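Engineer: In our numbering, the protein residues as written are 7 to 168.
1) State yes or no: is the C-beta of residue 114 within less than 8 Å of the C-beta of residue 128?
2) List, from N- to C-terminal side, the alpha helix (DSSP H) runs of 4 residues or more that fit wholly inside the segment 75-113.
3) Out of 110, 106, 143, state which residue places its alpha-carbon closest to the alpha-carbon of residue 121.
4) Tell me whether the beta-carbon of residue 85 lies closer than 8 Å to the beta-carbon of residue 135.
5) Check residue 143 in the structure and name its three-state DSSP category.
6) Taking residue 130 as the reference, which of 48, 47, 55, 76 has the closest Cα?
7) For a test of the three-state rule: what should DSSP assign to residue 52, helix, strand or coil?
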């Protein structure tokens, strides 16, 4: 028997494999479905499609439809809320189904909190797939000394300003 380091090893392995395997290679053909692009030469799946339809199908296949709808809500906030409200507010983001909106003043935050139910109803009717369950209007507050998600309990910064 020839060892691995010797020159005849490759030919012996080839001959052994050839004696074990006889026949033609098995190639499996993919079944061409009518809906798959490239199935039949003149099948219905080969028709050109609109780019919007292709992108919406891809977004739903990838699971991006909710994120895209939420991004649409944020991008269209000035149209949804109105120009006067949009000048005084900024959308911070959406987390856990809560749309967070930063207001310029406490007065604006208070007034928008009063209109919260009406705005939420309109938001759910215009953007049903965005999965926003609540609106949160944030008033400007005092400067925060917290930086990051973890803090140490205690009195905080003292004697900072001299």
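Glycine included, each C-beta is placed from N, C-alpha and C at the ideal position.
Values in this document were obtained by computation on a predicted structure and should not be read as measured data.
Structural biologist: On the basis of the data shown:
1) no
2) 83-87, 89-94
3) 143
4) no
5) strand
6) 76
7) helix
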